[in-house]
Amino acid sequence: MSQQSASHWDVFVLEYARAKDQPIASLINGTHDQGVMDTPFSFVFARSGDRNVLVDTGFMREGLGEEMSVRFGVPDWISPLRLLEELGVKPEDITDIFLSHAHFDHMGSVHKFPSARLYIQKRELLSWHEMLTLPKQFDYLTAIINPDDMRAMFTASIDHRVTLLDGDRENALPGLHARLGPGHTMGQQFIVLETARGPMVVAGDCIYSRVNLTGHNHDGCYVPLNNTVGSVYDQLMTMDRIKTAVDGDLDRVIILHDIDRWKNFELVKEIDGFRIVRAA
Ligand SMILES: [Zn+2]
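Position one of the sequence shown corresponds to residue 1 (UniProt numbering), numbered consecutively onward.
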């Protein structure tokens with residue numbers, strides 16, 4: 001089988017939480033006059049053959065996860081496991097999890113999937129370990145990291161269930177490509193899935209809105225995020241790589257915090273006000 005013979009992935013976006021009244025300017029540069037919004041949180045389930053894959057996991061409202069959801073103003077939540085159940089998927093069915101980055105809202109349920117192999121960029125995991133060792137005056141850097149998630153990753157590492165990716169990995173699974181996309185965090189990655197619609201990108205937190213790619217007033221100039229620990233330069237280079245990966249077709253970019261709540265995708269189910277949509 002050649003490297004080019006891509007599997008086609010079925011792709012679902014699962015909305016599992018919403019932050020209330022978040023100032024848009026805390027997320028997107030140049031929006032100081034645009035007020036507040038309710039920011040949705042989501043993760044992706046993708047299936048191809050006998051592979052049941054997650055891109056990110058959401059978080060559980062347990063222990064520090066509960067504490068952080070209060071601190072960051074995320075009152076609306078449904079268990080990511082409940083959403084998967086709606087699709088007939090049990091935690092032990094998940095074979096692989098690609099983590100875009102280590103923020104608690106993306107990696108916070110990682111300990112609930114005992115059979116899964118975990119893929120994260122080496123720079124992402126190790127840079128957080130390094131930043132956690134810094135003195136207290138640097139706590140801003142790690143404010144969105146749940147130490148319990150780092151402990152879960154350490155345990156999974158000892159169990160030989162973690163793959164550290166060192167940059168781009170084409171066909172990490174057949175038809176699934178991991179691409180380094182730093183900026184929001186030091187070792188962020190975005191995922192390209194070959195689908196019946198063509199290549200689709202799960203953008204992690206590389207972008208929060210199409211505005212990041214289209215520019216303010218569609219001027220075509222990439223717009224950086226305001227909630228990052230990496231550089232503006234890296235962010236914009238990552239945005240360009242995402243746009244290139246979908247040949248400029250933004251309907252093939254899955255934005256996990258999409259303020260339009262994935263209106264371009266087919267609604268599969270709505271459970272207690274949370275959407276499951278089919279992207280491909
Ligand atoms: Zn993040």
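For each residue, glycine too, the CB sits at the ideal point set by N, CA and C.
Using a Cβ-Cβ cut-off of 7 Å (strictly less than) and excluding sequence neighbours within five positions of residue i, which residues of its own chain qualify?
i, result
"Ser-127", "Met-186, Gly-187"
"Gly-183", "Cys-206, Thr-228, Gly-230, Ser-231, Asp-234, Gln-235, Thr-238"
"Phe-72", "Ala-19"
"Tyr-208", "Leu-27, Ile-28, Leu-225, Ile-255, His-257"
"Asp-149", "Ala-102, Phe-104, Met-107, Gly-108, Val-110"
"Cys-221", "Gly-215"
"Asp-93", "Asn-52"
"residue 336", "What is shown of the chain runs 1 to 280, which leaves residue 336 out entirely."
"Thr-195", "His-8, Trp-9, Val-11, Ala-280"
"Val-89", "Phe-45, Asn-52"
Of the residues the options, which one's Cα is nearest the Cα of residue i?
i, options, result
"Asp-56", "Leu-84, Leu-141, Val-70, Met-68", "Leu-84"
"Leu-118", "Leu-99, Ile-259, Val-13", "Leu-99"
"Glu-124", "His-103, Tyr-140, Lys-136", "His-103"
"His-129", "Gln-34, Ala-152, Phe-113, Glu-194", "Ala-152"
"Val-36", "Ile-28, Ala-46, Ile-24, Arg-47", "Ile-24"
"Thr-155", "Thr-142, Thr-133, Phe-113, Asp-93", "Phe-113"
"Gly-248", "Val-162, Lys-269, Arg-210", "Arg-210"
"Leu-142", "Met-68, Gly-63, Asp-240", "Checking the sequence, you will find Thr at residue 142 rather than Leu. With distances taken between Cα atoms, Thr-142 lies closest to Met-68."
"Val-246", "Gly-198, Glu-266, Tyr-140, Glu-170", "Gly-198"
"Ser-115", "Asp-139, Gly-204, Asp-96", "Asp-96"
"Gln-121", "Gly-63, Phe-138, Asp-168, Pro-91", "Asp-168"
"Gly-181", "Leu-193, Ile-242, Glu-66, Gly-63", "Ile-242"
"Leu-193", "Gln-22, Asp-21, Ala-46", "Ala-46"
"Asp-240", "Arg-179, Leu-164, Leu-267", "Arg-179"
Would you please state the rounded distance, in angstroms, between the beta carbons of residue i and residue j? I believe it to be under 8 Å.
i, j, result
"Ile-158", "Leu-176", "Contact doesn't hold; Cβ gap of about 26 Å is too wide."
"Ile-254", "Met-200", "6 Å"
"Val-44", "Val-202", "5 Å"
"Leu-64", "Pro-147", "7 Å"
"Gln-189", "Leu-165", "7 Å"
Spatial neighbours of residue i within its chain, please: CB distance less than 8 Å, with the 5 preceding and 5 following residues excluded, ordered by chain position.
i, result
"Ile-271", "Ile-78, Arg-82, Leu-83, Glu-86"
"Gly-30", "His-216, Val-223"
"Gly-273", "Asp-76"
"Arg-161", "Ala-116, Arg-117, Leu-118"
"Lys-269", "Glu-86, Arg-275, Ile-276"
"Gln-22", "Val-36, Met-37, Asp-38, Thr-39, Gly-73"
Could you check whether the Cβ of residue i sits closer than 8 Å to any Cβ belonging to chain D?
i, result
"Glu-86", "Going by chain labels, chain D is absent from the structure shown, which holds only one protein chain."
Please return the same chain residues whose Cβ sits closer than 6 Å to the Cβ of residue i, not counting the five positions on each side in sequence.
i, result
"Gln-34", "Ile-24"
"Gly-58", "Tyr-16, Phe-43, Pro-80, Ser-109"
"Met-131", "Leu-141, Thr-142"
"His-251", "The sequence given here has Asp at residue 251, not His. Asn-264."
Under 5 Å from any heavy atom of ligand 1, by CB: list those residues in chain order, please.
-> His-103, Asp-205
Is the region 41-56 touching the region 6-16 in the sense that three or more CB pairs, one from each, lie closer than 8 Å?
-> yes
Counting Cβ pairs, one atom from each stretch, are 3 or more of them under 8 Å apart for the region 12-19 and the region 35-44?
-> yes
Would you call the region 259-275 and the region 105-112 touching, i.e. three or more CB-CB distances under 8 Å?
-> no
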